[in-house]
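Enquirer: Residue numbers (our numbering): 52 to 835. For every residue, glycine included, the Cβ atom is placed at its ideal position computed from N, Cα and C.
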């Protein structure tokens, strides 16, 4: 029988795509291989299969799978992700589990034959790799540094060097001792370094592995699910799984190296030092792979220094740079020329806003990497240096450095390194407001990652595209890109990256006018950044919160938050965020009524923006200064500032500032009872909108144009404006008032009444006493 089977699912073995699901035995096989599936994930999959005739809501899933427990949407999303991964599906393909946006999920694969799951025959079992039956004892004393060694392996394995690529999982700390939690990522990074640097064995990037597993650490008995997850997204030939246990006063590290051909090498080692254990394990595995171990590449022969480096590596991987820095100071005091340690510290210094220290460390690495064999390290250092220059406003220097970085990356021939350089080049173009070039560079980054060995598209690409989308008013696209970035950062455990995206999501909510929704995002970002010691990031969130507080009328909180944000940026010599902090402070001071203080802060901010060549933000500050002059009653000064800003925007091709300043010129003219001049300005702004495609303020400016035309009595021109307003998907209260007045002026009082009634129903918070008076007047005309 073929087709969609509708029988008793609880007793059936079901087949769909390349999967077989045994609901009675609670087993799932993909391509004939048994999958390790968590109980809740299995229940989720079973529920979706049972209800496959419809889309089920998220609340239904929670009630059935979590049985009344309250869980976050993130937990549900992760369960869906795990279910998709288990059946070979993904959020992109959705061939098995489809997302029904705004509702829930639906199982959409077709159920086929109810065939029994294939069971290997006795003959097949007799031919299975020897690892299924036993192990041979390796020579004792193979690793001299260890107190004791007990190493077991399947057999010496001849591996084609061109096909070898090892994915290292986080180390499972099974000692129960929190002081050893650092081994999860610390020894993971150390093992990757030992395999690549000391023994020239290719590995999968740690971030790529973390991106594809569900736990910070994977025990040996869960290796099969890890293998499936990692192999599906990379070209790993082997996966190394390790676990650390307490062993009669010392430590035991057990490992299992799983090969794509089914072979397994296992062993365990005993020593008091975790780093020494991992060094011994890598040396043993290198021999088993048919390689002669090279001289061990360690930071120092001092176990304390090695442990400090491993701890620092783990902290840096998880974004806790403030804690990593003092450990790296200890390491570099012993090994000042260690490129990896210095790059890690330079990156942490950059993340913490220590620009001068980061610049010096990057330049030191660049000076020490002149050989072709150092090309990848050199490219990474150049890219990091460029990012420092972008932050402090040295954009021309950043462009020069990125040219050198791309040359070094191309020499290294590593698509991942090339992709990261293109990301930074895109960020530079974005800072220069060259959005077309920025998108091109991010597209090149994506292509590079797709061509790389591990196929990873990192979260920075999504975040960078989101920034461009927000700058160009494409808010829905920006939301999608930010959520992709957030999911990626959470998958790889990068808390600093997660905090950045949460802050950006809060900013996006404010752009969408959803101020109440913005606060939880900013607060979550602030909590993470304070927790990991990211002082510069804390300042950036405080700046965002200042704007939010100001919009809610909490002016003193807004001033305090902006002042702290500026102080943090100034301490880090971060020019961009110094200017941003001053702008936020000036905004809060203006809202509090202190116009002289606001003017001084805005002027200081504008000077810095011009210094770092950020003319777009300089133009925005110029408009705010014009508003201050206007508020102070000096319209001539306000107009002079606006014309200067408009000229600057026209020179640099900045559409948004040009449109906004032209609109404000019209506002000034209308306030001065000069409707003809206002009409000219509003029409020019609309023409630029049509030319540039930046449509964010179109409805607002059309409404203002309509008000000016009504003031002149030009009903012929007004007819076209009303037609355009009626075509807009969103209709503001101001637009409805203009349409009602136009209808009344044409003697269509019934339509005017209906339009005002629509205003009262659709915008109750915007209803005014004057609207009541107008409605009564129009209604009286209808009766008459």
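Work out the CA separation of residue 335 and residue 513 for me, nearest whole Å.
Expert: Position 462 of the chain shown, counted from the first residue, corresponds to residue 513. Position 284 of the chain shown, counted from the first residue, corresponds to residue 335. Roughly 40 Å between the two C-alpha positions.
Enquirer: Kindly indicate the opening and closing residues of the alpha helix (DSSP H) around residue 113.
Expert: For the purposes of this step, residue 113 is taken as residue 62 along the chain shown, with counting starting at 1. Unbroken alpha helix (DSSP H) run through residue 113: 109 to 116.
Enquirer: Could you name the residues of the same chain whose beta carbon sits closer than 7 Å to that of residue 649, not counting the 5 residues immediately before and after it, in chain order?
Expert: As a first step, residue 649 must be located in the chain shown, where it is residue number 598. Here the set comprises 637, 640, 641, 679.
Enquirer: Check the C-beta distance from residue 70 over to residue 138 and give it rounded, since I have them as a contact under 8 Å.
Expert: Within the chain shown, residue 70 is the residue found at index 19, counting from 1. Within the chain shown, residue 138 is the residue found at index 87, counting from 1. At roughly 5 Å, the Cβ-Cβ gap stays under 8 Å, so residue 70 and residue 138 are in contact.
Enquirer: Given residue 468, which residues of its chain have a CB within under 6 Å of its CB, disregarding the five upstream and five downstream residues?
Expert: Your numbering for residue 468 matches position 417 in the chain shown. Around residue 468: 427, 430, 460.
Enquirer: By how many angstroms is the C-alpha of residue 497 removed from the C-alpha of residue 589?
Expert: The residue labelled residue 589 in the question sits at position 538 within the chain shown. The residue labelled residue 497 in the question sits at position 446 within the chain shown. Cα to Cα, the separation comes out at about 30 Å.
Enquirer: Can you pull the DSSP bridge partners for residue 64?
Expert: Residue 64 sits at position 13 when you count from the first residue of the chain shown. DSSP, once it has assigned bridges, lists 73 as partnering residue 64.
Enquirer: Which parts of the region 667 to 735 are runs of the beta strand (DSSP E), unbroken and 3 residues or longer, counting only runs that do not cross its ends?
Expert: Qualifying beta strand (DSSP E) stretches: none in this window.
Enquirer: For residue 781, count neighbouring C-beta atoms within 10 Å of its own C-beta (all shown protein chains included) and say buried if the count is 16 or more, exposed if not.
Expert: Numbered from 1 along the chain shown, position 730 holds the residue referred to as residue 781. Per the 10 Å Cβ criterion, exposed.
Enquirer: Any contact of the region 819 to 829 with the region 791 to 807, i.e. 3+ C-beta pairs under 8 Å?
Expert: Contact between the region 819 to 829 and the region 791 to 807 is present, because at least three Cβ pairs lie under 8 Å.
Enquirer: Just curious, the alpha helix (DSSP H) that residue 615 is in, first and last residue?
Expert: The count along the chain shown starts at 1 and reaches residue 615 at position 564. Looking at the DSSP string, the run of the alpha helix (DSSP H) that includes residue 615 is 606 to 622.
Enquirer: Helix, strand or coil for residue 827 per DSSP?
Expert: Along the chain shown, read from residue 1 onward, the residue named residue 827 stands at position 776. DSSP places residue 827 in helix when its eight states are reduced to three.
Enquirer: Could you tell me the boundaries of the alpha helix (DSSP H) in which residue 413 lies?
Expert: The residue you call residue 413 lines up with position 362 of the chain shown. Run containing residue 413: 406 to 419, per the alpha helix (DSSP H) assignment.
Enquirer: Any chance you could list the beta strand (DSSP E) runs of at least 3 consecutive residues sitting entirely within the region 484 to 548, in chain order?
Expert: The region 484 to 548 contains no whole beta strand (DSSP E) run of 3 or more residues.
Enquirer: Which residue or residues does DSSP assign as beta-bridge partners of residue 322?
Expert: As a first step, residue 322 is located in the chain shown; it is residue number 271 there, counting from the start. DSSP output for residue 322 lists 302 as bridge partner(s).
Enquirer: With three or more C-beta pairs closer than 8 Å as the rule, is the region 712 to 729 touching the region 685 to 699?
Expert: Result yes; three or more Cβ-Cβ pairs closer than 8 Å.
Enquirer: From the DSSP output, in three-state form, read off residue 583 for me.
Expert: Your numbering for residue 583 matches position 532 in the chain shown. Looking at residue 583 - three-state DSSP - the assignment turns out to be helix.
Enquirer: Does residue 821 pass the burial test, meaning 16 or more other C-beta atoms within 10 Å, or should it be called exposed?
Expert: To locate residue 821, count along the chain shown from 1; it is residue 770. Classification of residue 821: exposed, given that the 10 Å Cβ count is below 16.
Enquirer: What three-state label does DSSP hand residue 309 in the structure shown?
Expert: The sequence position of residue 309 within the chain shown is 258, counting from 1. Three-state DSSP puts residue 309 in a strand.
Enquirer: When the distance is taken between beta carbons, is residue 242 closer than 8 Å to residue 260?
Expert: Within the chain shown, residue 260 is the residue found at index 209, counting from 1. Within the chain shown, residue 242 is the residue found at index 191, counting from 1. The answer is no: Cβ separation not under 8 Å.
Enquirer: Got a sec? Which residues, its chain only, sit under 6 Å from residue 754 by beta carbon, not counting five neighbours each side?
Expert: Position 703 of the chain shown, counted from the first residue, corresponds to residue 754. These residues qualify, in order along the chain: 785, 786, 789.
Enquirer: Indicate, with yes or no, if the ligand SAM has a heavy atom lying under 7 Å from the CB of residue 771.
Expert: For the ligand SAM, the structure offers nothing, since it holds no ligand at all.
Enquirer: May I ask you to list the residues that DSSP assigns as paired with residue 158?
Expert: For the purposes of this step, residue 158 is taken as the residue at position 107 of the chain shown. DSSP output for residue 158 lists 148 as bridge partner(s).
Enquirer: Give me the residue from 598, 582, 580 with the minimum Cα distance to residue 564.
Expert: Here residue 564 corresponds to residue number 513 of the chain shown, with the count starting at 1. Selected option, being the one with the closest Cα: 598.
Enquirer: If you count every other CB in all the chains shown that lies within 10 Å of the CB of residue 377, and 16 or more means buried, which is it?
Expert: If you number the chain shown from 1, residue 377 lands on position 326. Answer is exposed; the Cβ neighbour count stays below 16.
Enquirer: As an exercise, report each continuous alpha helix (DSSP H) stretch of at least 4 residues that is fully enclosed by the region 546 to 578, in chain order.
Expert: For the region 546 to 578, whole alpha helix (DSSP H) runs of length 4 or above, ordered along the chain, are 546 to 562.
Enquirer: I'd like the list of long-range same chain contacts for residue 610, defined as Cβ closer than 7 Å, with 5 residues on each side in sequence excluded.
Expert: Numbered from 1 along the chain shown, position 559 holds the residue referred to as residue 610. Within the same chain, residue 610 has close Cβ partners 636, 639, 640, 643.
Enquirer: Go through its chain and collect everything with a Cβ distance to residue 520's Cβ below 8 Å, but skip five positions before and after it.
Expert: The residue given as residue 520 occupies position 469 in the chain shown. If we look at residue 520 and ignore the five residues flanking it on each side, its Cβ neighbours are 526, 528, 529, 532.
Enquirer: With a CB to CB cut of under 7 Å and the five nearest residues on each side skipped, what residues in its chain are close to residue 833?
Expert: In the chain shown, the residue the question calls residue 833 occupies position 782. For residue 833, where only same-chain residues beyond five positions count, the Cβ hits under 7 Å are 800, 801, 804.
Enquirer: Taking C-alpha atoms, which residue in 587, 301, 366 lies nearest to residue 615?
Expert: Within the chain shown, the letter at position 564 stands for residue 615. Out of 587, 301, 366, 587 has the C-alpha closest to the C-alpha of residue 615.
Enquirer: Would residue 681 count as contacting chain C if we go by Cβ distances under 8 Å?
Expert: The chain labelled as chain C is not found in the depicted structure, where only one protein chain is given.
Enquirer: Residue 240 and residue 361: beta carbons closer than 8 Å?
Expert: The residue labelled residue 240 in the question sits at position 189 within the chain shown. The residue labelled residue 361 in the question sits at position 310 within the chain shown. Cβ distance < 8 Å, so residue 240 and residue 361 count as in contact.
Enquirer: Per DSSP, which one or two residues make a beta bridge with residue 289?
Expert: By one-based count along the chain shown, residue 289 stands at place 238. Its beta-bridge partners are 217, 310.
Enquirer: Compute the distance between the beta-carbons of residue 400 and residue 409, then report whether it is under 8 Å.
Expert: Position 349 of the chain shown, counting from 1, holds the residue named residue 400. Position 358 of the chain shown, counting from 1, holds the residue named residue 409. Contact flag set, yes.
Enquirer: Would residue 300 be called buried (16 or more neighbouring beta carbons within 10 Å of its own) or exposed?
Expert: Here the question's residue 300 lines up with position 249 in the chain shown. Exposed, since its Cβ has fewer than 16 Cβ neighbours within 10 Å.
Enquirer: Taking the DSSP output, what are the residues bridged to residue 296?
Expert: As a first step, residue 296 must be located in the chain shown, where it is residue number 245. In DSSP, residue 296 forms a bridge with 303.
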